[in-house]
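Asker: One structure coming up, written as structure tokens, with questions to follow.
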Amino acid sequence: MTEPTAVLLMAYGTPYQESDIRGYYTNIRHGQEPPKPLMDQLVGRYKAIGLPSPLARITTAQRDGLQAALDKAHPGAYKVYEGLKYITPFIQDAVDQIAADGITRVIGLPLAPQYSSYSSEDYHNRARKAIEAHPGMEYLPVRSWWNHQELIHFWSDQLVAKKDLTDRPDTKVIFSAHSLPLRIIQGGDPYKDEVIGLSNAVAQAAGLNEDQYVLAWQSAGRTQEPWIGPDFVKVAKDLITESGMKTIVSASIGFIADNLEICYDVDMELAKAIEYAGGTLTRLNMPNDSPALIATLQQVVEETKAE
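In structure tokens, the structure reads:
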């Protein structure tokens, strides 16, 4: 029997319970514990959305959904693993399990559509470092997969379904993605261009005119250095208070799952800011473990193995 190919799905991870939060953010901060004010804020955010965060269940469902899809199309050819950056199961643990299962070919697939040296490459570096302990293992990294039609139409189909709303002159669609430090983009990183590419592709597929949508950035880190802007909260408030918009349609195309940045930053912070400004928010559904997302991941895996 031919040896299967491992598919290593890599994601940020999320605390499973309140007691996980300190260790999780200590890992994010490279071993430095978060100061009490920041820790209290983080705990408050997770309590607000509820623990366990839906992201934990969704990531596992994405793994299981991809496994089922690959098994149906290619019985016995792939085995899908979940490896997380900042909490168990860690990427290192997943690689060790792949080796224990006797698999020597690994496709590394970050669960982020756009490539960035700041985030995507860090996943690959962690996987490569773990693989060093297992001589003879081949690693095939996936860079970006934002331009797959299934993903584009997942977003555009929702906008088409809301055409009566988006065609109103007092409605604006805000596409958003996670902000990154500006220095990363100035260094030639393709992330911003890929986000722009996805927003334009979704808008075109949905039949939106240029004046019906705008791209903004969300969830910037709380550091002293500048991050990509403009921030989507400010953009939304300005659209309502200065441009006469009444409805904001939020499409967080830089993400694929209901995580803290969606359940808190969009559903709570953005929603509250829009309400205070006198407008209303409509938020598009996230891909999560939808058939469109699973089909996209399957295509990415098949294309990577064929290269």
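Its first residue numbered 35, the sequence shown is counted upward by one per residue in our numbering. No residue lacks a Cβ here, since even glycine has one placed at the ideal position from N, Cα and C.
1. Give me the Cβ distance between residue 42 and residue 143, rounded to the nearest whole Å; I'm assuming they're in contact under 8 Å.
2. Output the residue ranges of the beta strand (DSSP E) runs that lie fully inside the stretch 197–274 and measure 3 residues or longer, sorted by chain position.
3. So, are the CB atoms of residue 171 and residue 139 less than 9 Å apart?
4. In terms of residues, what are the limits of the beta strand (DSSP E) holding residue 47?
5. Alpha carbon to alpha carbon, how far is residue 211 from residue 53?
6. Pop quiz: residue 279 and residue 204 are said to be a contact at Cβ under 8 Å. What is the actual Cβ separation, rounded to whole angstroms?
7. CB-CB under 7 Å to residue 149, same chain, minus the five flanking residues each way: which ones, in chain order?
8. Let me know the secondary structure DSSP gives residue 113 once reduced to three states.
9. Residue range of the alpha helix (DSSP H) that residue 154 falls in?
10. Can you list, in chain order, the stretches of the beta strand (DSSP E) that have 3 or more residues and sit fully within the stretch 91–143?
11. Identify the residues that DSSP records as bridge partners of residue 276: which are they?
12. Check whether the stretch 302–310 and the stretch 318–336 touch, using three or more Cβ-Cβ pairs below 8 Å as the test.
13. Can you give me the Cβ contacts of residue 216 inside the same chain, cut-off strictly under 8 Å, excluding the 5 residues immediately before and after it?
14. Within this structure, are the beta carbons of residue 239 and residue 290 separated by less than 9 Å?
15. In whole angstroms, what is the alpha-carbon distance linking residue 331 and residue 39?
16. Using the three-state DSSP reduction, which class does residue 76 fall into: helix, strand or coil?
17. What residue range does the beta strand (DSSP E) around residue 317 cover?
18. Just to confirm, is the Cβ distance from residue 183 to residue 285 under 9 Å?
19. Taking 9 Å as the threshold (C-beta atoms), are residue 288 and residue 242 in contact?
20. Buried or exposed: residue 158, going by 16 or more other Cβ atoms within 10 Å of its Cβ?
21. Below 7 Å CB to CB, which residues in the same chain sit around residue 92 once its five sequence neighbours on both sides are set aside?
22. Need the endpoints of the alpha helix (DSSP H) that residue 194 sits in, please.
23. In this structure, does DSSP put residue 176 in helix, strand or coil?
24. So the alpha helix (DSSP H) residue 285 belongs to, where does it begin and stop?
25. Would you please state the rounded distance, in angstroms, between the beta carbons of residue 22 and residue 50? I believe it to be under 8 Å.
26. Please list, in chain order, all residues of the same chain as residue 114 whose beta carbon is under 6 Å from its beta carbon, the five residues on each side excluded.
27. What is the rounded straight-line gap between the Cα of residue 298 and the Cα of residue 108?
28. If you run the structure through DSSP and keep just helix, strand and coil, what is residue 338?
29. Quick check on this structure: which residue in 236, 270, 175 and 73 has the alpha carbon closest to the alpha carbon of residue 338?
30. Please check the pair residue 254 and residue 213, which I expect to be a contact at CB under 8 Å, by giving their CB distance rounded to whole angstroms.
Answerer: On the basis of the supplied data:
1. The residue labelled residue 42 in the question sits at position 8 within the sequence shown. The residue labelled residue 143 in the question sits at position 109 within the sequence shown. Correct: roughly 7 Å between the Cβ atoms.
2. Positions of the beta strand (DSSP E) runs, each at least 3 residues long and wholly inside the stretch 197–274, are given as 205–212 and 247–252 in order along the chain.
3. Here residue 171 refers to the residue found at position 137 of the sequence shown. Here residue 139 refers to the residue found at position 105 of the sequence shown. Yes, these two residues count as a Cβ contact at 9 Å.
4. Your numbering for residue 47 matches position 13 in the sequence shown. Looking at the DSSP string, residue 47 is not in any beta strand (DSSP E), and its letter there is neither H nor E.
5. Reading the sequence shown from its first residue, position 177 is the one you call residue 211. Reading the sequence shown from its first residue, position 19 is the one you call residue 53. Taking the straight line joining both Cα atoms gives about 29 Å.
6. One-based indexing of the sequence shown puts residue 279 at position 245. One-based indexing of the sequence shown puts residue 204 at position 170. Contact flag correct, Cβ pair sits at about 5 Å.
7. On the sequence shown, position 115 is the one that residue 149 refers to. Cβ within range, chain order: 177, 178, 224, 225 and 228.
8. The count along the sequence shown starts at 1 and reaches residue 113 at position 79. Note: residue 113 maps to strand in three-state DSSP.
9. As a working note, residue 154 is residue 120 in the sequence shown. Residues 154–165.
10. Within the stretch 91–143, the beta strand (DSSP E) runs of at least 3 residues that lie entirely inside it are, in chain order, 112–118.
11. Here the question's residue 276 lines up with position 242 in the sequence shown. Bridge partners of residue 276: none, in fact.
12. no
13. Here residue 216 refers to the residue found at position 182 of the sequence shown. These residues qualify, in order along the chain: 259, 260, 261 and 262.
14. Locating residue 239 in the sequence shown gives position 205, counting from the first residue. Locating residue 290 in the sequence shown gives position 256, counting from the first residue. For the 9 Å CB-CB criterion, residue 239 and residue 290 do not form a contact.
15. Position 297 of the sequence shown, counted from the start, is the residue given in the question as residue 331. Position 5 of the sequence shown, counted from the start, is the residue given in the question as residue 39. Computed Cα separation, rounded: 15 Å.
16. The sequence position of residue 76 within the sequence shown is 42, counting from 1. Three-state result, residue 76: helix.
17. For the purposes of this step, residue 317 is identified with residue 283 of the sequence shown, where counting begins at 1. Here the beta strand (DSSP E) through residue 317 covers 314–317.
18. Position 149 of the sequence shown, counted from the start, is the residue given in the question as residue 183. Position 251 of the sequence shown, counted from the start, is the residue given in the question as residue 285. Cβ atoms of residue 183 and residue 285: not closer than 9 Å.
19. Position 208 of the sequence shown holds residue 242. Position 254 of the sequence shown holds residue 288. No, Cβ-Cβ distance for residue 242 and residue 288 is not below 9 Å.
20. The sequence position of residue 158 within the sequence shown is 124, counting from 1. So residue 158 counts as buried.
21. As a position in the sequence shown, residue 92 is number 58, starting the count at 1. 291, 292, 322 and 323, listed in sequence order.
22. By one-based count along the sequence shown, residue 194 stands at place 160. Counting along the chain, the alpha helix (DSSP H) containing residue 194 begins and ends at 183–195.
23. Here residue 176 is taken as the residue at index 142 of the sequence shown, counted from 1. Reduced to three states, the DSSP call for residue 176 is coil.
24. Here residue 285 is taken as the residue at index 251 of the sequence shown, counted from 1. No alpha helix (DSSP H) holds residue 285; the beta strand (DSSP E) holding it covers 281–285.
25. Nothing can be reported for residue 22: it is not among the residues displayed for the chain, which extend from 35 to 341.
26. As a first step, residue 114 must be located in the sequence shown, where it is residue number 80. 41, 97, 100 and 101, listed in sequence order.
27. Stepping through the sequence shown from its first residue, residue 298 is reached at position 264. Stepping through the sequence shown from its first residue, residue 108 is reached at position 74. Each residue's Cα considered, the two are about 39 Å apart.
28. Mapped onto the sequence shown, residue 338 falls at position 304. Helix.
29. Translated into the one-based positions of the sequence shown, residue 338 becomes position 304. Nearest option by C-alpha distance: 175.
30. For the purposes of this step, residue 254 is identified with residue 220 of the sequence shown, where counting begins at 1. For the purposes of this step, residue 213 is identified with residue 179 of the sequence shown, where counting begins at 1. Their Cβ separation, rounded to whole angstroms, is 4 Å, which keeps residue 254 and residue 213 in contact under 8 Å.
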